[in-house]
Amino acid sequence: MLPLDGVRVLDLSMLLPGPLCAQILRDFGATVTKIEPPYPGDYMALWPPMAGPVSATYLAVNRGKQIMSLNLKDAEERERFYELARGADVVVEGFRPGVIDKLGIGYARLAELNPGIIVCSISGYGQSGPYAQRGGHDLNYQALAGVLSIAGDQALRPPNPRLQTADTAAGSYAAAMLILAALLERQKTGRGRHLDVSMSEQLLPLATTLHAAAQAEQRDPASDAELLSGGAPCYRIYRTKDGGQISVGA
Numbered sequence: 042m043l044p045l046d047g048v049r050v051l052d053l054s055m056l057l058p059g060p061l062c063a064q065i066l067r068d069f070g071a072t073v074t075k076i077e078p079p080y081p082g083d084y085m086a087l088w089p090p091m092a093g094p095v096s097a098t099y100l101a102v103n104r105g106k107q108i109m110s111l112n113l114k115d116a117e118e119r120e121r122f123y124e125l126a127r128g129a130d131v132v133v134e135g136f137r138p139g140v141i142d143k144l145g146i147g148y149a150r151l152a153e154l155n156p157g158i159i160v161c162s163i164s165g166y167g168q169s170g171p172y173a174q175r176g177g178h179d180l181n182y183q184a185l186a187g188v189l190s191i192a193g194d195q196a197l198r199p200p201n202p203r204l205q206t207a208d209t210a211a212g213s214y215a216a217a218m219l220i221l222a223a224l225l226e227r228q229k230t231g232r233g234r235h236l237d238v239s240m241s242e243q244l245l246p247l248a249t250t251l252h253a254a255a256q257a258e259q260r261d262p263a264s265d266a267e268l269l270s271g272g273a274p275c276y277r278i279y280r281t282k283d284g285g286q287i288s289v290g291a
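Its first residue numbered 42, the sequence shown is counted upward by one per residue in my numbering.
And the structure:
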């Protein structure tokens, strides 16, 4: 038996942050139904490299999910979604802020059907504020949060990171953590809630130690004086005689 056995999740999201969040819940035992728009559906499925007819990345973050197609702009198909929502515990969505309300599937409407439902909205800049309606991608969120300026070597900054830290750590994992907290809260109150996950904001705690040290010493957090950024010989990456590299952490 897994911790989330019996928890039912509706995944309305596409690309990486939402699907990976729902995948985390699935890995802990939740039943996840991924609801995609009509063809082409989640266009992550078309993103190379391919594993047969479908993207390898798409398969990696949608393992074990039930996949179905619904046109939420159609009244009849929206009613089908309402039926699913009545029996669901969690909805994960990554539309631009305000879209789910326009579709008639916002938190207020779903809470009328199911007072215990938890709706988790993952976006780049949050559901409100001056940046809310701006488009963006992982690299933009990392830049806005200042993460790019403190990543890597000073001479090579700013890097173009291959790891999608905003999408995954600040999006998927932060959202999964908040969903778990909301599920615990619901055990006490009987009610769900709307979770607003801003990937730009959720990046900031990842740099807590760097910002704390910089404030204490009144310096730029991008300084290479930090122990963890090469400021000490005992914690650094060295090039080896044969052209390789070795990490030393002592």
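Glycine is no exception: its CB is placed at the ideal position from the N, C-alpha and C atoms.
Because the structure is a prediction, the values reported are computed rather than measured.
Euclidean distance between Cα positions of residue i and residue j
i: Gly-128; j: Leu-45; result: 15 Å
i: Ser-96; j: Ala-255; result: 42 Å
i: Asn-181; j: Leu-204; result: 13 Å
i: Asp-68; j: Arg-104; result: 9 Å
i: Pro-90; j: Tyr-84; result: 13 Å
i: Met-109; j: Gly-139; result: 23 Å
DSSP state of residue i mapped onto helix, strand, coil
i: Met-109; result: strand
i: Ala-18; result: Outside the shown range of the chain (42 to 291) lies residue 18, about which nothing can therefore be said.
i: His-286; result: Correcting the residue type first, residue 286 is Gln in the shown sequence and not His. Residue state, collapsed to three classes: strand.
i: Ala-223; result: helix
i: Ile-146; result: coil
i: Glu-77; result: strand
i: Val-102; result: coil
i: Ala-92; result: strand
Where the alpha helix (DSSP H) through residue i begins and ends
i: Gly-59; result: 58 to 68
i: Leu-180; result: 179 to 185
Whole-number beta carbon distance between residue j and residue i, since they are thought to touch under 8 Å
i: Ser-162; j: Leu-236; result: 7 Å
i: Gly-59; j: Val-160; result: With 8 Å as the limit, Gly-59 and Val-160 do not qualify as a contact, their Cβ atoms being about 12 Å apart.
i: Ile-158; j: Leu-251; result: That belief does not hold up - the Cβ atoms of Ile-158 and Leu-251 are roughly 38 Å apart, past 8 Å.
i: Ile-146; j: Arg-119; result: 7 Å
i: Val-48; j: Leu-61; result: Not a contact, Cβ separation roughly 17 Å.
Limits of the beta strand (DSSP E) - the one that residue i falls within
i: Ser-213; result: Where Ser-213 is concerned, there is no enclosing beta strand (DSSP E), given that its DSSP letter is neither H nor E.
i: Ile-191; result: Where Ile-191 is concerned, there is no enclosing beta strand (DSSP E), given that its DSSP letter is neither H nor E.
i: Arg-294; result: Residue coverage of the chain in this structure runs from 42 to 291, which leaves residue 294 outside it and unanswerable.
i: Asp-52; result: 49 to 52
i: Glu-134; result: 131 to 134
i: Leu-236; result: 235 to 239
Contact with chain C by residue i, beta-carbon distance below 8 Å
i: Ala-255; result: No chain C is present in this structure, which holds just one protein chain.
Are three or more beta carbon pairs between the segment 141 to 155 and the segment 71 to 78 nearer than 8 Å?
For the pair of segments examined, the segment 141 to 155 was found not to touch the segment 71 to 78: the number of CB pairs separated by less than 8 Å stays below three.
Under 8 Å: do the segment 206 to 218 and the segment 243 to 250 share three or more Cβ pairs, one atom per stretch?
Taking 8 Å as the limit for Cβ pairs, the verdict is that the segment 243 to 250 does touch the segment 206 to 218.
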